[in-house]
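Worksheet: one structure, shown below.
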DNA sequence: CCTACAATTAAACGCTTGTTTCAAAAGGGC
DNA sequence: GCCCTTTTGAAACAAGCGTTTAATTGTAGG
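Residue numbers (my numbering), protein chains in the order written: chain A, 2 to 242; chain B, 2 to 242.
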């Protein structure tokens, strides 16, 4: 029983993580992993049972602490304020991503591409357990957000939480693609910058009057002349066609 | 030269699209595709040269019209108003997604999973040409958005455009995952609903005061009345720690 | 009818994949 | 020393992959 930091097991995990993040799980062969980790091919099946077992271990190692940190942050927040303000909640949700991606011991930047691939890869076994942990996180944050936004219907909050996840995951995971698409204009120095820019954006989004239930117009009126209602009807018209 | 609608070529494209969307490109074998399309295995290499050629054709068939529609919408919009209002621009960007996903002839719902996988799959050849067309779209919309939002710095607009793409792509592409995570609470009847809910969200986000430009003004109290401005300083403090 | 080209077919190619086998080496406990 | 368990090692396995070949069929044009 060797619990050294660079044991065979750990080296496999590190190599697999790197290659999974770079080229995706299905395109990464065990031989490429074991070559990079400088271990024997059979070691993967010995330590993890199968490739799928390795995949799950790789994801679990990173996503579990992330979700735990999110829950811990929220708990601490709710202990301080009874009902934390919106920005604090959003920050509690997003900051763990920054933390783990700036700490090499927690995986560094590669983790994020991994996170982004979680959704698309659709690795059956991963999504299974992942949805369990992750769902609890989303539920807890949904509750907190609903208390912070009493004027927004809970169903709408759920949607916006999904929008947040999308807006957070995509630019963070596909940074290189984003940079390619935006030329030199956007160059995220670190994930912290992404979050810092994302926070005001989603905070305002969460506070927006709900599109479906908005008979009320308490919103701050932008300088625009076009009323909020006029575009809505035009939207709905086209959507129903 | 058979240009029938269910020629071998078309049947391959349809089958490939379906399987790519369901299980991803690398996990979909040519044999599975040709079996579903009920054509010979060699037909793929005959008509598309290689698997990569098929992948590119599948993506191109859907994404090219989508991007074209986005450009066309924006053009028409700018002809009507000189500087279109924010919501109209966002709508012009998002609606083509709805249209193509509700029209089976344009691909129907599967297109969206395909779209979502574009980013994660990192299929080399696809991203190459895709980034060309797509970048033009993003650039044009960036210009329009900047004119609609003179108070937001152009760089910030670029970021927010990326957030929009993420928020649009993720729930739309991973609908089944989203539903799994949110239980019965969220059930998107169609993509139109997603867009309809997303529009007010991102519109408010785009209008939010820029987090970076608004350096250290007087800090109002965060607790007071949901002041829009006070949150920024507290955020920055924690992010810099 | 015949020619030429397009399209389809069945079979095989070489290669890579994940996994297994079995023997050798290493690591304590007594 | 020895024994037993854990871990590594090299080699092979069957299965699946994308691709190619070569023979066949289909379909106009002269």
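Ideal Cβ positions, reconstructed from N, Cα and C, are used throughout, including at glycine. Just so it is clear, the structure is predicted and the values come from calculations on it, not from any experiment.
Following the continuous alpha helix (DSSP H) through residue i, name the residue where it begins and the one where it ends.
i                     : result
residue 39 of chain A : Unbroken run through residue 39 of chain A: none, as it is neither H nor E.
residue 62 of chain A : 52-81
residue 98 of chain B : 87-103
residue 15 of chain A : 9-24
Thinking C-beta only, is residue j closer than 7 Å to residue i?
i                      : j                      : result
residue 104 of chain A : residue 148 of chain A : no
residue 88 of chain A  : residue 204 of chain A : yes
residue 160 of chain A : residue 198 of chain B : yes
residue 117 of chain A : residue 170 of chain A : yes
residue 96 of chain B  : residue 200 of chain B : no
residue 19 of chain B  : residue 111 of chain B : yes
residue 195 of chain A : residue 172 of chain A : yes
residue 27 of chain B  : residue 27 of chain A  : yes
residue 168 of chain B : residue 131 of chain A : no
residue 75 of chain B  : residue 141 of chain B : yes
residue 42 of chain B  : residue 16 of chain B  : no
So residue i and residue j are supposed to be a Cβ contact under 8 Å. How far apart are they, rounded?
i                      : j                      : result
residue 158 of chain A : residue 143 of chain A : 6 Å
residue 71 of chain A  : residue 93 of chain A  : 7 Å
residue 150 of chain A : residue 202 of chain A : Wrong, their Cβ atoms sit about 16 Å apart, outside the cutoff.
residue 9 of chain A   : residue 21 of chain A  : Contact flag wrong, Cβ pair sits at about 18 Å.
residue 139 of chain B : residue 63 of chain B  : Rounded, the Cβ-Cβ distance is 18 Å, inconsistent with contact.
residue 78 of chain B  : residue 98 of chain B  : So it is not a contact: roughly 16 Å between Cβ atoms.
residue 135 of chain A : residue 46 of chain A  : With 8 Å as the limit, residue 135 of chain A and residue 46 of chain A do not qualify as a contact, their Cβ atoms being about 28 Å apart.
What are the residues of the segment 20-37 of chain A that lie near chain B, defined by any Cβ-Cβ distance shorter than 9 Å?
-> 23, 24, 25, 26, 27, 28
Give the residues from the segment 195-215 of chain B that approach chain A closer than 9 Å (Cβ to any Cβ), ordered along the chain.
-> 195, 196, 197, 198, 199, 200, 201, 202, 203, 204, 205, 206, 207, 208, 209, 210, 211, 212, 213, 215
Residues of the segment 160-172 of chain A whose Cβ lies closer than 9 Å to any Cβ of chain B, in chain order | 160, 161, 162, 163, 164, 165, 166, 167, 168, 169, 170, 171, 172
Touch test, the segment 56-67 of chain A against the segment 31-43 of chain A, Cβ-Cβ under 8 Å, three pairs minimum = no
Relative to chain A, which residues along the segment 54-75 of chain B have a C-beta separation below 8 Å, given in chain order?
-> none
Contact set between the segment 90-110 of chain A and chain B, restricted to residues whose Cβ is under 8 Å from the partner = 92, 96, 99
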